[in-house]
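S.K.:
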Amino acid sequence: MTARVDAAAPGRAQGTDGSAESLVDALRAAGLAPEADRRRIAEYSYDASNYRVTPAAVLFPRSEAEVAAALAVCHRLGVPATARGGGTSMAGNSVGTGLVLDLSRHMHRVLGVDEDARTVTAEAGTVLTDLRAAVHAATGERLTFAPDPSSQSRACLGGAIGNDACGNHSVRHGRTADHVQALRLVTADGLRLTATRHGVEATDPGDAAATARAEHLTAELRDLAAGHLAAIRTELGRLPRQVSGYHLRHLLPEEGFDVARALVGSEGTCAIVTAATMRVVPRAARTGLLVVGYADVVDAARDVPALLRHRPTAVEGIDEVIVETMRERRGADAVADLPTGRAWLFVELDDDGDGDDDDEVGGARDGLATRMAELADELTRDGHALDAIVVTDPVARADLWRVREDGAGLSSRLTDPATGVTVESWPGWEDSAVPPERLADYLAEFRDLLTRHGLTGVMYGHFGAGCMHIRITFDLRSDAGRAVFRAFCTDAARLAVRHGGSLSGEHGDGRARSELLPLMYSPEMLGAFERFARLWDPAGLLAPGGLTATRPLDADLALAGVGPGVGARDLGLLTSSNGAHPVQACIGVGRCRTSTGGVMCPSFRATGDEKDSTRGRARVLQEVVRGTIAVDDPAVEESLELCLACKACSSDCPTGVDMATFKAEALHRRYRRRVRPRAHYSLGLLPLWLRATVHVAGPLNAVLATPAGRAAARLGGITGERALPRFASARRLREELAHVPDSVWHVRDRRPGPRTGAGPGPTDAPRTSAEIVLFLDSFTRGLRPRVAGAAARVLGGSHTSVACSAGHCCGLTYVTTGRLDAARTVMARTARHLDGIRGPDGAEVPVVVVEPSCAATLRGDLPHLLADTPDADLARRVAARIRSAADHLGRLAAEGRAPAWPGGTAPDRVTVQTHCHEYATFGNRVQRATLTALGVGSVREATGCCGVAGDFGFTAGHEAVTAAVAEQALAPALRADPDAPVLTDGFSCATQTDHLGRAGHHLFELLDPDPVPPTRRPT
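The working numbering puts the last residue of the sequence shown at 1096; the count rises by one with no breaks.
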């Protein structure tokens, strides 16, 4: 098995006549619906590993019967088949030639929870967090599903079984194998079996072929175990995280001939698991989190044996590079204050039956709190800890656990805390495990090994279980770098074995480590492994390339042949300054496939299709940079069609993938000097049209309200299912801006002067400096003049001199529709204008932008798009000054200068829809933090995209997705409190709120001290 490496190129497995079409035809003849277009193949050629393997077709089975039918076809044609769930394997276990079966799309039902038996049964495509939620709901939160790998919000049950996943709480609850009760299986030739704790049987007792196969397997597996008793007993089960190889120890007589658990960790090479019955465990009533700071990870590891004596539920570790990367990507407040140190352990304890249930965690008399305080004292007094703190705030605890859970993604694009430089790191040796008492010595030697090979690595993981997830700065693009990769992994395997460890602790061996198993196991054991696999799959068709038909660990690497100096092409925003390709920042961790938490990815949450995830789109664009798909190929258009360009991925994605930017570049290249979609003219040029609509607003609004007007809008690519916003007149804008404090003055391009008829406030003399700049964007001027007036009045009452800029555009709509040349022209003009507005002595004063999407454009896109132009330095200066309304008001509150609420009292509660661009650029807590600082009693956040997202929700063809996205967060939040004021600073969010039957308000409107009375507002 693993001793024999298959070095032949994998190719794209095909049917008996040598064509992928024959496989597709055969599957369709069996009543199935395979897909084999270029876009779909690109999406499924990758997982979260270093590898790229192209399948012949992809299937989304809806039932076990369809899985069986598909495997019967593959067996007849001699085509390999690989099962896949969330596609988050870091070892290459969910890519393969032939047919890939994605069980996550349809086979995700929780079939039943039995509280008395303490079991749950679910299909293999069930996401682990969904499974846990179902257990909580069915048992009143008394029981829970224990395995909780960091990818649990998108990883599926079948994958957890295939890899023997563990998670943060494995020090208490063990591995997935420890929870398996029974597995429903389909064999390589399409038979349906059930593996139990005491054997294997036909799923349908009346199925003669399956019954015969079960009897054959029973006899052969017993013979296998009997023939290798000594080797199995001495080589397997030596440490808590010994996941490498097959789990044959469960076949021993003393284990009760446990076939179900013997199959856990077989990585899909024996049979495809379609459903499983799993054990569930009591849920802790209370837990507490102790964060302990250390000088480095080695010192942290030295305290692990002492920690384990306290029976913690989790002992997880991270180093400072991950923390700094999180803060760099998501803002300084993204990580709670940590104790002194450069590495930290997160130690979770539960009540363990002590303490008074009526006391809260953290209370002075709480037994749990006392235990935690005693442990902190012990570690700082007798251990290696520098400092320790007990974290009681639920939000801070959740933030810290998210840092740990996002470790794989955050560590792939690291920000050096000393230099601010971002470097790439990769898996490959990210899952070794050693006995916990040997972890410190192992890590010390491991650091020396990295140095000898000229590499660096970031270390994090399950310290309490001795399992380390180490991302390393491999160069996988060059021949020399790949040679180092191979040499290092080989030496690292020897080091782990020397410390009594396992090559894999929960991710599986797969393509990354199977070749190295001969360094860990004897020839006898390797032979037993091979026989075990062949008993189940004699033809070797299931998941070849990993544990079976093993490929070299440096074969099929996704970065081979792609990168600086290798077929380099200038692809604009798809190419970074060093010639690499930013789309390769997507390493497949799949956080964009989550259904809750954060905002990313609203389109995937609406459709459940991989093509509509950030990852799926990135994979297609990675093929563009490889040259296998052209940028104007329909595959690219299909992939990007439902991207809302919400930018949430730039913040929520652990690797910082910014799909909105990539989409802009793709559209730019596709439509340059070509006819564009109609909506690109009607909506994409909206700032241009708004210059004219202010002069004809009344007649235009009247016409658009008629059937003829609505038909004209449809001709412009605008949906007929949504009311168009009403255009504002120039007179109305003047009315609002005339009713402002004297501290507000109008500024034009570097020529401040006396007030004109269109100016916002009275001035008796030219003004040359300002305390702040108020930037009235195109949307605010042309569609929400009341917000323009409110902004001027609020800021005019808080500052002595407010320069009001009301004649420029941020260029947002040009960016989102891919008119990047026009965007650069508009942005450069605006940047030069804003750079000329200064404070006293030329000070660079803040620029407050009313519309949050425009603020985000000027903060983020402006310096990016003008980076290689003569205005680059100017753009960076201006971008650093940009603030959203909430950002600026929050700063005023922190300085004790918060504007007063009209009537003197803040609302007792507010529902807030944060604009996605503000969420991504200014921080996911900017609105909540500001409202809290301003005295609002309760803030209900609709954390998610509203569904309109600029032109997306107004474009014909997007209606269903827009409605589905609204239901993810905004609509439920509105229904939850129908009387609370709704805060929608973004124009898109306001229009969606209006569409849902509520009125949305800008924060400036809620704070407006002297709004223009409705009777004075022109119609």
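Beta carbons are placed, not taken as given, at the ideal position from N, Cα and C, and that holds for glycine.
For residue 317, count the other beta carbons within 10 Å of its own beta carbon; 16 or more makes it buried, fewer makes it exposed. Which is it?
M.R.: Within the sequence shown, numbered from 1, the residue matching residue 317 stands at position 240. Result: buried.
S.K.: Nearest to residue 360 by alpha carbon, out of 474, 372, 209?
M.R.: Residue numbering aside, residue 360 sits at position 283 when the sequence shown is read from its first letter. If we check each option's Cα against that of residue 360, 209 comes out closest.
S.K.: Assuming residue 901 is part of the alpha helix (DSSP H), what are its boundary residues?
M.R.: Counted from its first residue, the sequence shown places residue 901 at position 824. Start and end: 897-912.
S.K.: When you compare the CB positions of residue 505 and residue 544, do they come within less than 7 Å of one another, or not?
M.R.: Within the sequence shown, residue 505 is the residue found at index 428, counting from 1. Within the sequence shown, residue 544 is the residue found at index 467, counting from 1. Cβ distance not < 7 Å, so residue 505 and residue 544 don't count as in contact.
S.K.: From 814, 386, 759, pick the residue whose C-alpha is nearest to that of residue 792; which is it?
M.R.: Locating residue 792 in the sequence shown gives position 715, where the first residue counts as 1. The candidate whose alpha carbon is nearest that of residue 792 is 759.
S.K.: For residue 939 versus residue 924, is the C-beta spacing smaller than 7 Å?
M.R.: For the purposes of this step, residue 939 is identified with residue 862 of the sequence shown, where counting begins at 1. For the purposes of this step, residue 924 is identified with residue 847 of the sequence shown, where counting begins at 1. No, the Cβ-Cβ distance between residue 939 and residue 924 is not below 7 Å.
S.K.: Cutting at 8 Å between CB atoms, please list the residues of its own chain near residue 103, excluding the five before and the five after it.
M.R.: Within the sequence shown, residue 103 is the residue found at index 26, counting from 1. Apart from the 5 residues on each side of it in sequence, residue 103 sits with its Cβ closer than 8 Å to the Cβ of 92, 150, 153, 154 in its chain, given in chain order.
S.K.: In whole angstroms, what is the alpha-carbon distance linking residue 333 and residue 307?
M.R.: Taking the first residue of the sequence shown as position 1, residue 333 is located at position 256. Taking the first residue of the sequence shown as position 1, residue 307 is located at position 230. If you take the alpha carbons of residue 333 and residue 307, they lie about 17 Å apart.
S.K.: Any idea what DSSP makes of residue 664, helix, strand or coil?
M.R.: As a working note, residue 664 is residue 587 in the sequence shown. Residue 664: coil per DSSP, three-state reduction.
S.K.: By how many angstroms is the C-alpha of residue 392 removed from the C-alpha of residue 224?
M.R.: For the purposes of this step, residue 224 is taken as residue 147 along the sequence shown, with counting starting at 1. For the purposes of this step, residue 392 is taken as residue 315 along the sequence shown, with counting starting at 1. Distance between the alpha carbons of residue 224 and residue 392: 15 Å.
S.K.: Rank 749, 1064, 915 by C-alpha distance to the C-alpha of residue 1076 and give the top, closest one.
M.R.: Residue numbering aside, residue 1076 sits at position 999 when the sequence shown is read from its first letter. Minimum Cα distance to residue 1076 is reached at 1064.
S.K.: Please classify residue 293: is it buried, with 16 or more other beta-carbons within 10 angstroms of its beta-carbon, or exposed?
M.R.: Mapped onto the sequence shown, residue 293 falls at position 216. It is exposed - the Cβ of residue 293 has fewer than 16 other Cβ atoms within 10 Å.
S.K.: Express the C-alpha separation of residue 453 and residue 385 in angstroms, rounding to a whole number.
M.R.: Sequence index remark: in the sequence shown, residue 385 carries index 308 (1-based). Sequence index remark: in the sequence shown, residue 453 carries index 376 (1-based). Going from the Cα of residue 385 to the Cα of residue 453 covers about 14 Å.
S.K.: Quick one: residues in its chain with C-beta nearer than 6 Å to the C-beta of residue 409, no 5 flanking neighbours on either side, listed in chain order?
M.R.: Start at 1 with the first residue of the sequence shown, and residue 409 comes out as number 332. Closer than 6 Å at Cβ, skipping near neighbours: no residue.
S.K.: Report yes if the C-beta distance between residue 206 and residue 258 is below 7 Å; otherwise report no.
M.R.: Within the sequence shown, numbered from 1, the residue matching residue 206 stands at position 129. Within the sequence shown, numbered from 1, the residue matching residue 258 stands at position 181. For residue 206 and residue 258, no; Cβs fall outside 7 Å.
S.K.: Can you tell me whether residue 203 is buried or exposed, with buried defined as 16 or more other CB within 10 angstroms of its CB?
M.R.: Position 126 of the sequence shown, counted from the start, is the residue given in the question as residue 203. When all chains shown are included, residue 203 counts as buried.
S.K.: Terminal residues of the continuous beta strand (DSSP E) containing residue 394?
M.R.: Walking along the sequence shown from the start, residue 394 turns up at place 317. For residue 394, the enclosing beta strand (DSSP E) starts and ends at 391-396.
S.K.: Alpha carbon to alpha carbon, what distance is there between residue 347 and residue 330?
M.R.: Within the sequence shown, the letter at position 253 stands for residue 330. Within the sequence shown, the letter at position 270 stands for residue 347. Using only the alpha carbons, I get a separation of about 21 Å.
S.K.: Thinking C-beta only, is residue 344 closer than 7 Å to residue 33?
M.R.: No statement about residue 33 is possible, as the shown extent of the chain runs from 78 to 1096 and does not include it.
S.K.: Tell me which residues share the same chain as residue 956 and place their Cβ nearer than 7 Å to its Cβ, disregarding the 5 neighbours each side in the sequence.
M.R.: Counting from one through the sequence shown, the residue named residue 956 turns up at place 879. Correct list, in chain order: 935, 936, 939, 940.
S.K.: For the alpha helix (DSSP H) containing residue 55, name the first residue and the last one.
M.R.: Because the chain here runs from 78 to 1096, residue 55 falls outside it and cannot be looked at.
S.K.: Please report the straight-line C-alpha distance between residue 708 and residue 472, rounded to a whole angstrom.
M.R.: In the sequence shown, the residue the question calls residue 708 occupies position 631. In the sequence shown, the residue the question calls residue 472 occupies position 395. The alpha-carbon atoms of residue 708 and residue 472 are separated by roughly 43 Å.
S.K.: When you compare the CB positions of residue 608 and residue 301, do they come within less than 7 Å of one another, or not?
M.R.: One-based indexing of the sequence shown puts residue 608 at position 531. One-based indexing of the sequence shown puts residue 301 at position 224. Note that the C-beta distance between residue 608 and residue 301 is below 7 Å.
S.K.: Distance, Cα to Cα, residue 574 vs residue 312?
M.R.: By 1-based counting over the sequence shown, the position of residue 574 is 497. By 1-based counting over the sequence shown, the position of residue 312 is 235. If you take the alpha carbons of residue 574 and residue 312, they lie about 12 Å apart.
S.K.: Please classify residue 435 as buried or exposed, where buried requires at least 16 other C-beta atoms within 10 Å of its C-beta.
M.R.: Counted from its first residue, the sequence shown places residue 435 at position 358. Low local confidence applies: a pLDDT of 44 at residue 435 is under 50, so the model's placement there is unreliable, and no value is given.
S.K.: Quick one: using the 10 Å Cβ neighbour count with 16 as the cut-off for buried, is residue 972 buried or exposed?
M.R.: For the purposes of this step, residue 972 is taken as residue 895 along the sequence shown, with counting starting at 1. Per the 10 Å Cβ criterion, exposed.
S.K.: Taking residue 631 as the reference, give the member of 112, 127, 98, 118 with the closest Cα.
M.R.: Residue 631 sits at position 554 when you count from the first residue of the sequence shown. Of 112, 127, 98, 118, the residue nearest in Cα terms is 127.
S.K.: Would you call residue 97 buried or exposed, if buried means 16 or more other Cβ atoms sit within 10 Å of its Cβ?
M.R.: Locating residue 97 in the sequence shown gives position 20, counting from the first residue. Classification of residue 97: buried, given that the 10 Å Cβ count is 16 or more.
S.K.: Can you find at least 3 beta carbon pairs, one from the segment 1040-1047 and one from the segment 667-687, that sit closer than 8 Å?
M.R.: A contact between stretches requires three or more CB pairs, one per stretch, nearer than 8 Å, and the segment 1040-1047 meets this requirement with the segment 667-687.
S.K.: Give me whichever residues DSSP pairs with residue 183 in a beta bridge.
M.R.: As a position in the sequence shown, residue 183 is number 106, starting the count at 1. Residue 183 is not bridged to any residue.
S.K.: Whole-angstrom Cβ separation of residue 813 and residue 863, contact assumed at under 8 Å?
M.R.: Position 736 of the sequence shown holds residue 813. Position 786 of the sequence shown holds residue 863. Going by Cβ atoms, the distance from residue 813 to residue 863 rounds to 6 Å, so yes, they are a contact pair.
S.K.: Using only the alpha-carbon positions, how far apart do residue 674 and residue 337 sit?
M.R.: By one-based count along the sequence shown, residue 674 stands at place 597. By one-based count along the sequence shown, residue 337 stands at place 260. If you take the alpha carbons of residue 674 and residue 337, they lie about 34 Å apart.
S.K.: Alpha carbon to alpha carbon, how far is residue 1073 from residue 1048?
M.R.: Position 996 of the sequence shown, counting from 1, holds the residue named residue 1073. Position 971 of the sequence shown, counting from 1, holds the residue named residue 1048. Cα to Cα, residue 1073 sits roughly 7 Å from residue 1048.
S.K.: Drop a sphere of 10 angstroms on the beta-carbon of residue 772, count the other beta-carbons inside from all chains shown, and report buried for 16 or more, exposed for fewer.
M.R.: By one-based count along the sequence shown, residue 772 stands at place 695. In the assembly as shown, residue 772 is an exposed residue. Its beta-carbon has fewer than 16 other beta-carbons within 10 Å.
S.K.: Using alpha carbons as the reference points, say which of 777, 1017, 266, 424 lies closest to residue 615.
M.R.: Translated into positions along the sequence shown, residue 615 becomes position 538. The option with the nearest alpha carbon to residue 615 is 266.
S.K.: Write down the C-beta distance between residue 917 and residue 846 rounded to the nearest angstrom, noting that I regard them as a contact closer than 8 Å.
M.R.: Walking along the sequence shown from the start, residue 917 turns up at place 840. Walking along the sequence shown from the start, residue 846 turns up at place 769. That belief holds up - the Cβ atoms of residue 917 and residue 846 are roughly 5 Å apart, short of 8 Å.
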